[in-house]
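Step one of this worksheet: look at the structure below.
2 protein chains.
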Amino acid sequence: MRIEILCTGDEILTGKTINTNHSHMARRFGEVGLTMHWGTIVGDDRPSLVEAFKLAAKRADAVIVNGGLGPTIDDLSQEVAAEAAGVDLVLDENWLARMEDFYTRRGRVMPPNNRKQAMLPEGAEFINNPIGTACGFAIDIDGARFFFTPGVPREMRRMIDEQVIPRLLEMSGLKVVTRLKRFHSFGIGESRADQMLQGIEDLAPNGGVKLGFQAHYPQLETKLAAQAASEAELDALLAPVEAAVREKLGTFIISEDAQSLEGAVIDALVERGETLATAEMFTGGAIAARFVPKDGAEDPFLRGVVSRDLGQMCHAVGLDETVAAQGLTAETAMAIASALRDQSGAGHALVVLIELDDGADKIEFGGTINVGIADSGGVIARTARMLGGRDWVRLGATDLGIDCLRRRLQGLPVDERIDFEKR
Amino acid sequence: MRIEILCTGDEILTGKTINTNHSHMARRFGEVGLTMHWGTIVGDDRPSLVEAFKLAAKRADAVIVNGGLGPTIDDLSQEVAAEAAGVDLVLDENWLARMEDFYTRRGRVMPPNNRKQAMLPEGAEFINNPIGTACGFAIDIDGARFFFTPGVPREMRRMIDEQVIPRLLEMSGLKVVTRLKRFHSFGIGESRADQMLQGIEDLAPNGGVKLGFQAHYPQLETKLAAQAASEAELDALLAPVEAAVREKLGTFIISEDAQSLEGAVIDALVERGETLATAEMFTGGAIAARFVPKDGAEDPFLRGVVSRDLGQMCHAVGLDETVAAQGLTAETAMAIASALRDQSGAGHALVVLIELDDGADKIEFGGTINVGIADSGGVIARTARMLGGRDWVRLGATDLGIDCLRRRLQGLPVDERIDFEKR
Chain Y
2 MRIEILCTGD EILTGKTINT NHSHMARRFG EVGLTMHWGT IVGDDRPSLV EAFKLAAKRA
62 DAVIVNGGLG PTIDDLSQEV AAEAAGVDLV LDENWLARME DFYTRRGRVM PPNNRKQAML
122 PEGAEFINNP IGTACGFAID IDGARFFFTP GVPREMRRMI DEQVIPRLLE MSGLKVVTRL
182 KRFHSFGIGE SRADQMLQGI EDLAPNGGVK LGFQAHYPQL ETKLAAQAAS EAELDALLAP
242 VEAAVREKLG TFIISEDAQS LEGAVIDALV ERGETLATAE MFTGGAIAAR FVPKDGAEDP
302 FLRGVVSRDL GQMCHAVGLD ETVAAQGLTA ETAMAIASAL RDQSGAGHAL VVLIELDDGA
362 DKIEFGGTIN VGIADSGGVI ARTARMLGGR DWVRLGATDL GIDCLRRRLQ GLPVDERIDF
422 EKR
Chain D
2 MRIEILCTGD EILTGKTINT NHSHMARRFG EVGLTMHWGT IVGDDRPSLV EAFKLAAKRA
62 DAVIVNGGLG PTIDDLSQEV AAEAAGVDLV LDENWLARME DFYTRRGRVM PPNNRKQAML
122 PEGAEFINNP IGTACGFAID IDGARFFFTP GVPREMRRMI DEQVIPRLLE MSGLKVVTRL
182 KRFHSFGIGE SRADQMLQGI EDLAPNGGVK LGFQAHYPQL ETKLAAQAAS EAELDALLAP
242 VEAAVREKLG TFIISEDAQS LEGAVIDALV ERGETLATAE MFTGGAIAAR FVPKDGAEDP
302 FLRGVVSRDL GQMCHAVGLD ETVAAQGLTA ETAMAIASAL RDQSGAGHAL VVLIELDDGA
362 DKIEFGGTIN VGIADSGGVI ARTARMLGGR DWVRLGATDL GIDCLRRRLQ GLPVDERIDF
422 EKR
């Protein structure tokens, strides 16, 4: 089945807004086994829309149109759809009532131009938008099925997942239940993960599981996209493959699905009623910033200290110059961790020291990272050297530090070699 | 003149890579007065490329093709261009020699398949790529001018600015020297800035200056895109408009061109040989993280403290419970700023306290921000209330704090009302 995405709007065409809607939709389609054929971007311009609808209808079986469903004069999607399908626009009374209710519940009166959003081409299939005033719809134009979706990303995402993908899968004759299982890991590069997981798709009885990766340096997302005839069959398909991923990636897995590395750490602390303090140098607050804004981090996160200067950092945690004179070593990281733990009263103290190379930033530029962790079980350290330029070192050190803490909390070794370190 | 952008590659089509190349090119075109007409995305697929070239040639005067110039088998742009133009591919000896030299200087031997990158359609105009092995070229197809550009963003960006835009401007008959002047402001929303700057384009003698905005909450970028026959004429055109922007946006301007807010603060500190310490709550290290990783921030940035808990924060800067008992007030912010300045030995101390609303995150969710600054001139405070949800409050408070420090360093009032605050 040939699928096209047609993104509309001057903001997208002129580059004012980056077209993340195309990439999100296309990626989701790929994850459920649907193949993209073409993408088009046109502005809020009637002749371009008419022409784009005509061309897409000729090439594709299904066309996802995004944007142009708003209340203003330059939102043309319904009108042009009706024209292209050769029908009139008619008022969808149900949607109008839903919109009016939507406003009433917020203590407001619906502006009259929102009524336009309830005008749909005659005979179109209504597609629900539970979180906005732009409903979607589907209609046949020149033999292709057109799906109209809102431009607001969160409304589009939900409609694509809940409404459009099931319809596309049905059209395509593909099995209709899908699931995306995600594993997040730290310390394994994409190509090595690819090697380590070679052949695991075959573990699913009768196939139906597709392995994919998405690198967000320094983390890697491993995705299992599955489709089957029923939820029970999905469970059966995925169980052996999930087990294999857990076994192969093992201690490198930091979390699954919507959970994050810092979320896993905070949850572990909250569960035990324990607390954390951090001290960091060139990561410059990035470690603290991963924890602090999270809902629920008020209780476990007690204190963070940031300094580029070791003397300042030692002073901030109540240590004297003799410690700073040791330089940026594992011993210093351990001493600061102990002092920070005592001073802050936190159950766990995480310290990430970085000694940057001298000279200009370039790809060979590196840093030596010393992580120190103090808790009721004692004080430990982890040393790693990373290359790749200033930003790369900073990003790598941030996750290395948080991951050491995760490992320590989970009783795993903190010194397993990672792919990003140079020995 | 009708301009189209055609982005090629499976990574873009399937959404694995977000299509930032389209948005960058389109934005740059708009900034020099060129108008976008259509955008297309196709994969590394010969029939799709042939069809896309044919359609674009029919619609447009100029087509910018991006991607497909690499050395591998799935890079098809040169081949399909030659086919569409009805000519053969011929070896560009100059470019081959340049590529070989490129490898030799890095102590490597050019892999044989890179030779493919020097094969250009017969009669094509060579377009230089000073930083990569994928050269560009231009050729007429069915009456439209096609420009082929590399998919690697930094190579594409340079080629668009230095090579493609001048050719497009010449084709369009537009004046050929262009300049983009940028102002960054904090505290003024896009619609108000638009009102405040109404009519300033008319200050340029004979026109030629176009005003535009790009919002990066909470900052706003105000852009003046100018075109003229010469650099001297550009200076003359821009001078009165730049002066008007500086006058109208006044103290809200934080920096110009490539300078950032935190860069302006660090430069001011370095220039005076002075130092900074910070203390923050819900911004969670985001304020420190803006300063610390910057090259040159080692000297001025002494120390940052992060805590969600006021008692912890007071303890960290050596204050007792009586201060914490005052709550999150302007007085508390001033007391912490003074204590932090004394304790760290920094010349300037910046404290940003936030009292978040209770309850679930939503658009009406807000926070009350108290900024305290201590320096040799005394201690001051600034209070503001912001709404818009947790993330919005955190982003707004981060810039509010840093901007108060900029204002203080520049001798400007720190309590000018900003558009994002609710009183």
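Residue numbers (the working numbering), protein chains in the order written: chain Y, 2 to 424; chain D, 2 to 424. All residues carry an ideal CB built from backbone N, CA and C; glycine is no exception. Being a predicted model, the structure only gives us computed values, none of them experimental.
- At the C-beta level, L341 (chain D) and V324 (chain D) stay beyond 8 Å of one another.
- G373 (chain D): member of the beta strand (DSSP E) spanning 367-376, first to last residue.
- In this structure, L204 (chain D) lies near V242 (chain D), with their beta-carbon atoms less than 8 Å apart.
- Using a Cβ-Cβ cut-off of 8 Å, T15 (chain Y) counts as an interface residue toward chain D, since at least one Cβ of chain D sits closer than that to its own.
- Contact between L77 (chain Y) and L56 (chain D) is ruled out by a C-beta separation of about 21 Å, above the 8 Å threshold.
- Ranked by how close their Cα comes to the Cα of G251 (chain D), the residues D:R408, D:D75, D:R99 have D:R408 in first place.
- No Cβ of chain Y is located within less than 8 Å of the beta carbon of Q228 (chain D).
- Residues of the same chain with a CB within less than 6 Å of the CB of I13 (chain D), apart from the 5 flanking positions on each side, are N20, I42 in chain order.
- Under the Cβ criterion of 8 Å, F302 (chain Y) is counted among the residues facing chain D.
- Identification of chain D residues near M37 (chain Y) by a Cβ-Cβ cut-off of 7 Å yields L14, T15, ordered along the chain.
- Secondary structure at F103 (chain D): helix, using DSSP grouped into helix, strand and coil.
- Within 10 angstroms of the beta-carbon of H217 (chain D) lie fewer than 16 other beta-carbons, which makes it exposed.
- The beta carbon of S308 (chain Y) sits closer than 8 Å to some beta carbon of chain D.
- In the displayed model, F421 (chain D) falls within coil according to three-state DSSP, outside both helix and strand.
- In the three-state DSSP reduction, Q344 (chain D) falls in the helix class (H, G or I).
- By the neighbour-count criterion, in which 16 or more other beta carbons inside 10 Å mark a residue as buried, D321 (chain D) falls on the exposed side.
- Scanning chain D for C-beta atoms nearer than 7 Å to the C-beta of R395 (chain Y) yields P294, reported in chain order.
- At least one CB of chain Y lies nearer than 8 Å to the CB of G286 (chain D).
- Among the CB atoms of chain Y, none fall inside 8 Å of the CB of L170 (chain D).
- DSSP places R109 (chain D) outside both helix and strand once states are collapsed to three, so it counts as coil.
- R155 (chain Y) and F187 (chain D) have their C-alpha atoms some 27 Å from each other.
- Nearest to G378 (chain Y) by alpha-carbon distance, out of Y:Q411, Y:D392, Y:Q228, is Y:Q411.
- Under the Cβ criterion of 8 Å, N371 (chain Y) is not counted among the residues facing chain D.
- Under the 8 Å Cβ criterion, the segment 392-403 of chain Y counts as touching the segment 271-290 of chain Y, having at least three qualifying pairs.
- Distances from the CA of K17 (chain Y) to each of Y:V33, Y:G44, Y:I6 were compared; the closest alpha carbon is that of Y:G44.
- Going by C-alpha positions, D362 (chain Y) is about 6 Å away from G390 (chain Y).
- Under the Cβ distance rule, T41 (chain Y) counts among the residues neighbouring chain D, one pair being separated by less than 8 Å.
- Against chain Y, the beta carbon of L270 (chain D) has no neighbour under 8 Å; the closest one sits roughly 13 Å away.
- Counting only residues of its own chain and dropping the five nearest sequence neighbours on each side, A287 (chain Y) has a CB closer than 6 Å to the CB of T399.
- In this chain, the beta strand (DSSP E) harbouring F214 (chain D) covers 210-217.
- Annotation note: the segment 105-188 of chain D contains the following uninterrupted alpha helix (DSSP H) runs of length 4 or greater, listed N- to C-terminal: 154-160, 166-173.
- With a threshold of 8 Å between beta carbons, G305 (chain D) makes contact with chain Y.
- For Q220 (chain Y), the beta-bridge partners assigned by DSSP are Y:F187, Y:H217.
- Separation of K224 (chain D) and G209 (chain D) (C-alpha to C-alpha, rounded to the nearest whole angstrom) is 13 Å.
- DSSP places S231 (chain D) in no beta strand (DSSP E); its state is neither H nor E.
- Within chain Y, the residues placing a beta-carbon under 8 Å from that of T21 (chain D) are I19, ordered along the chain.
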